[in-house]
Amino acid sequence: MGQKAKPKSIQNRKIGGKSDRLFREKEPDKVTIRLQEECHGKEDSKDIWSPNIKTVFKALASARLCAAVWNNITDCDETYNYWEPLHYLLYGSGFQTWEYSPVFALRSYIFLHLYALPAWIYDSIFHSNQVLVFYFLRWLLGFASTTCETYFYKGVLQQFGPKVGRLTFLFLLFSAGMFQSSSSFLPSTFSMYMTLISMGAWFQGNFVLAILATAISAFLSWPFAGIIGIGIAVDALVLRRKWQMFISWCIISLFVILVPLILVDSYYYGRLVVAPLNIVLYNVFSGHGPDLYGTSPWTFYFLNGFLNFNVIFPLSLVALPAHLITGKLKPIKNQSFPIWLALLPLYVWILIFFTQPHKEERFLYPIYPLFGLAGAITWTCAESCLRALKLSEKFVQSLTLALVVSSSLISVSRIIGQYRGYHAPMDVFLELNRLAWENEGDTKEYNVCVGKEWHRFPSSFFLPNNMKLRFIPSEFRGQLPRPFDPPPNGTWTLPPHMNDLNKEEPTRYASLKDCHYLVDLETGQATEREPQYSQTTSEWEAIFQVDFLDNARSPQFLRAFYIPWFSENYCKRIPYVLLKRRPNPNKKKRQR
């Protein structure tokens, strides 16, 4: 008797093959069930359900597009090192930090062009204002994150099964950390996208894509992100002995990515530049490096991890011990490589970055997806222990549901709290655009000044065409950025008064008398360099204000998480104001 032929819909769905298209499953649930029965055995058939690819994509898209609209800019590095140079490439104006000086050349222009091209196309078609271009790029970042996370989920599902797959999806979907990082314009966010692709490809057995994504992450965005590829390298070189394939694609990646990068950056800087090498030399071998910008205690990342992933964060840290303890129970079956190898990039990253004196939240972005995966592995191991103790299946499932719901609610509380507390700067600069729209025919140029609030400036995309940002002195004594020289040679010229020691440059400051508008946070405390401008009513009038969370007088827990009624009643708020200079009456008399 001949063997019964398989249906075409199954013949054409090879796992990880070219015919396995991301969004073409006509019967996703049946396909998922079939894959899990083949990969994990029929003994798991009671627990083989997982969301299909389309459902995952739609849910993630909803969350990430919300992030694109409501996410704050939490790091001034995002504004001045990425949004500002991008604005210069698109519109010919923007601020230049010392990293973009041809003397130091730490940042890559080819990275900026990845975002400049779609922004230019959008602006050329719709002739939109700059604020809409900003939010279009935010939307594009959210869509990129959605696509990469969906691909990662597909790999997790194939490698670790439906239990780990669905938990990873849910942990990432509601995570406050993923909400914040997914739509940020930072190299660490781009490296997070590449982590999702490289790990997802590795889990599906696609070593070529895994190597390419790791190389793109290391060369194009952040050299230190190459650490994420350690598990891929060990698997390819030690376990599978694919030396020729691995070395060949590493060399191909080197030429395909690094050569264009050097050519583009050398053009913009006016000399031979290898930006990734300069970043490594400065941060590792310069002698002063990033510690000039502040150091933090060892507890910083632990607190940060809990704020962004709450109970999932401690679960992720114990994933390896949980797996070793429950090894005989085999809670996760039939992986193509050991689980410890999948967790290796997470632990190596933690070992390196948690021990550095200079710590910033964005440094953990590349491993944010791995927190979700590791937490899912830990809880899957915990479930197997509970079942081994003969506890009822209903009880185990109730605990899992409680974990997912509580973690999701805490994350949503964090997201709402951050928006309500710290969104005021973007609202104030949007008000400037409304004023400019009301006075559309006004061709006069105005100076918008910031003092201590320089680090919350959301970028020149929020400035109307007839307004310029100017800095006035504040208690901040470090180096502020300067405007780029006019194009086409503005990136080539050597800017004066630049240093890599974060020393204050007085040439950055404008005179207060040249300010037409002033943006300030009314803290109630005044110094010689930071007076309460709104109190000088003869010179300034407040034309717009938004509440801003007063960190000094609000409970720490309620600053971090929004709790209805308690946050309204116990958190203190202060005005974030837009001031306008009053007309000079003496000047009017002279004109008469």
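Residue numbering for the sequence shown follows this note's numbering, beginning at 66 and increasing consecutively. Backbone N, C-alpha and C define an ideal beta-carbon position, used for all residues, glycine too. Bear in mind that the values here come from a model prediction, so they are computed numbers and not experimental data.
> Among P548, W148 and V168, which residue has its Cα nearest to the Cα of A184?
Replying inline: Translated into the one-based positions of the sequence shown, residue 184 becomes position 119. Considering only alpha carbons, the answer is W148.
> Beta-carbon separation of F668 and F428 under 7 Å?
Replying inline: Only positions 66 to 657 of the chain appear in this structure, which leaves residue 668 out of reach.
> DSSP puts Y511 in a beta bridge; with which residues?
Replying inline: To locate residue 511, count along the sequence shown from 1; it is residue 446. Paired residues: M532.
> Between E569, Q621 and A170, which lies nearest to V339 when the distance is taken from Cα to Cα?
Replying inline: Translated into the one-based positions of the sequence shown, residue 339 becomes position 274. The option with the nearest alpha carbon to V339 is A170.
>> Quick check: the region 469-489 against the region 409-426, are at least 3 beta-carbon pairs closer than 8 Å?
In response: no
> Given a threshold of 16 other Cβ atoms within 10 Å of its Cβ, counted over all protein chains shown, does N649 qualify as buried or as exposed?
Replying inline: Counted from its first residue, the sequence shown places residue 649 at position 584. Counting Cβ neighbours within 10 Å, N649 comes out exposed, since fewer than 16 surround it.
> Can you tell me the Cα-Cα spacing of R638 and F609, whole angstroms?
Replying inline: Translated into positions along the sequence shown, residue 638 becomes position 573. Translated into positions along the sequence shown, residue 609 becomes position 544. Between R638 and F609, the C-alpha separation is close to 15 Å.
> On the premise that A384 lies in contact with I442, defined as a C-beta separation below 8 Å, what is that separation, rounded to the nearest angstrom?
Replying inline: Looking up residue 442 in the sequence shown gives position 377. Looking up residue 384 in the sequence shown gives position 319. That pair is a contact at about 5 Å.
>> For P288, tell me which candidate among R521, A266 and L319 has the shortest Cα-Cα distance.
In response: Against the sequence shown, residue 288 aligns to sequence position 223. Distance from the Cα of P288 is smallest, within the candidate group R521, A266 and L319, for L319.
>> With the cut-off set at 7 Å, would you say Y180 and L154 are in Cβ contact?
In response: On the sequence shown, residue 180 is found 115 positions in, with the first residue counted as 1. On the sequence shown, residue 154 is found 89 positions in, with the first residue counted as 1. No. Outside cutoff.
>> Just to confirm, is the Cβ distance from L261 to P379 under 7 Å?
In response: For this step, residue 261 is matched to residue 196 along the sequence shown. For this step, residue 379 is matched to residue 314 along the sequence shown. Going by C-beta atoms, L261 is not nearer than 7 Å to P379.
> Quick one, which of L222, I276, L456 and N146 has its alpha-carbon nearest I113's?
Replying inline: One-based indexing of the sequence shown puts residue 113 at position 48. Ranking L222, I276, L456 and N146 by Cα distance to I113 puts L222 first.
>> Are the CB atoms of P640 and T162 within a distance shorter than 7 Å?
In response: Numbered from 1 along the sequence shown, position 97 holds the residue referred to as residue 162. Numbered from 1 along the sequence shown, position 575 holds the residue referred to as residue 640. Going by C-beta atoms, T162 is not nearer than 7 Å to P640.
> Going by alpha carbons, who is nearest to L675 out of H388, N512, A280 and N530?
Replying inline: The requested residue 675 is not part of the displayed model; the chain covers only 66 to 657.
>> As a quick exercise: from L500, N554 and E540, pick the residue whose alpha carbon is nearest that of P529.
In response: Position 464 of the sequence shown, counting from 1, holds the residue named residue 529. Nearest option by C-alpha distance: L500.
>> Please report the distance separating the alpha-carbon of M257 from that of I432.
In response: Counting from 1 along the sequence shown, the entry for residue 257 is found at position 192. Counting from 1 along the sequence shown, the entry for residue 432 is found at position 367. Separation of M257 and I432 (C-alpha to C-alpha, rounded to the nearest whole angstrom) is 7 Å.
>> For a quick check, are the C-beta atoms of F272 and A301 less than 7 Å apart?
In response: Counted from its first residue, the sequence shown places residue 272 at position 207. Counted from its first residue, the sequence shown places residue 301 at position 236. Yes, they are a contact pair.
> What is the rounded straight-line gap between the Cα of G589 and the Cα of Y574?
Replying inline: Along the sequence shown, read from residue 1 onward, the residue named residue 589 stands at position 524. Along the sequence shown, read from residue 1 onward, the residue named residue 574 stands at position 509. Their Cα atoms are separated by approximately 24 Å.
> Would DSSP call E540 helix, strand or coil?
Replying inline: Within the sequence shown, residue 540 is the residue found at index 475, counting from 1. Note: E540 maps to coil in three-state DSSP.
>> Give the list of continuous alpha helix (DSSP H) stretches no shorter than 4 residues that lie fully inside the region 142-166.
In response: 149-156
>> Looking only at its chain, what residues have a beta carbon closer than 7 Å to the beta carbon of V477, apart from the 5 residues adjacent to it on each side?
In response: Your numbering for residue 477 matches position 412 in the sequence shown. So the qualifying residues of the chain are F239.
> Looking only at its own chain, which residues have a Cβ that is under 7 Å from the Cβ of Y598, when we skip the five neighbours before and after it?
Replying inline: As a first step, residue 598 is located in the sequence shown; it is residue number 533 there, counting from the start. The residues are L583, D585, W605 and L644.
>> Assuming H562 and E570 are in contact, meaning their beta carbons sit under 8 Å apart, how far apart are those beta carbons, in whole angstroms?
In response: Here residue 562 corresponds to residue number 497 of the sequence shown, with the count starting at 1. Here residue 570 corresponds to residue number 505 of the sequence shown, with the count starting at 1. At roughly 5 Å, the Cβ-Cβ gap stays under 8 Å, so H562 and E570 are in contact.
>> Just to confirm my understanding: we take E164, look at its own chain, exclude 5 residues before and 5 after, and list those with CB closer than 7 Å. What are they?
In response: Numbered from 1 along the sequence shown, position 99 holds the residue referred to as residue 164. So the qualifying residues of the chain are N146, L171 and R172.
> Where do the ends of the beta strand (DSSP E) carrying P640 lie?
Replying inline: The residue you call residue 640 lines up with position 575 of the sequence shown. Here the beta strand (DSSP E) through P640 covers R638 to R646.
>> Given a cut-off of 7 Å on the beta-carbon distance, is the pair A124 and G207 in contact?
In response: Working through the sequence shown from its first residue, we reach residue 124 at position 59. Working through the sequence shown from its first residue, we reach residue 207 at position 142. Taking 7 Å as the Cβ cut-off, A124 and G207 do not qualify as a contacting pair.
> Can you tell which of S457, R647, K517 and I480 has the C-alpha that lies nearest to the C-alpha of L603?
Replying inline: Here residue 603 refers to the residue found at position 538 when the sequence shown is read from its first residue. It should be noted that the sequence gives Ser, not Leu, for residue 603. S603 has its Cα closest to that of R647, out of S457, R647, K517 and I480.
> According to DSSP, which residues form a beta bridge with Q195?
Replying inline: As a position in the sequence shown, residue 195 is number 130, starting the count at 1. Paired residues: none, contrary to the question.
>> Quick check: Y218 and D330, are their CB atoms within less than 7 Å of each other?
In response: In the sequence shown, counting from the first residue as 1, residue 218 sits at position 153. In the sequence shown, counting from the first residue as 1, residue 330 sits at position 265. Not in contact: Y218 and D330 (Cβ atoms no closer than 7 Å).
> Is D140 buried or exposed, if buried means 16 or more other CB atoms sit within 10 Å of its CB?
Replying inline: Sequence index remark: in the sequence shown, residue 140 carries index 75 (1-based). Answer is buried; the Cβ neighbour count reaches 16.
> Straight-line CA distance for I475 to T364?
Replying inline: Here residue 475 refers to the residue found at position 410 when the sequence shown is read from its first residue. Here residue 364 refers to the residue found at position 299 when the sequence shown is read from its first residue. The alpha-carbon atoms of I475 and T364 are separated by roughly 21 Å.
>> I need the DSSP call for A607, collapsed to helix, strand or coil.
In response: The count along the sequence shown starts at 1 and reaches residue 607 at position 542. Look at A607 here: in three-state DSSP terms it is strand.
> So what does Y574 bridge to, in DSSP terms?
Replying inline: Walking along the sequence shown from the start, residue 574 turns up at place 509. Beta-bridge pairing links Y574 to F536.
> What residue does the beta strand (DSSP E) around D492 start on, and which one ends it?
Replying inline: As a first step, residue 492 must be located in the sequence shown, where it is residue number 427. Careful: D492 lies outside any beta strand (DSSP E), inside the alpha helix (DSSP H) at A489 to E503.
> To the nearest angstrom, how far is it from the Cα of N498 to the Cα of H192?
Replying inline: Reading the sequence shown from its first residue, position 433 is the one you call residue 498. Reading the sequence shown from its first residue, position 127 is the one you call residue 192. If I take the Cα positions, the gap works out to 16 Å.
> Taking buried to mean at least 16 other C-beta atoms within 10 Å of its own C-beta, is G370 buried or exposed?
Replying inline: In the sequence shown, residue 370 corresponds to position 305, counting from 1. Under this definition G370 is a buried residue.
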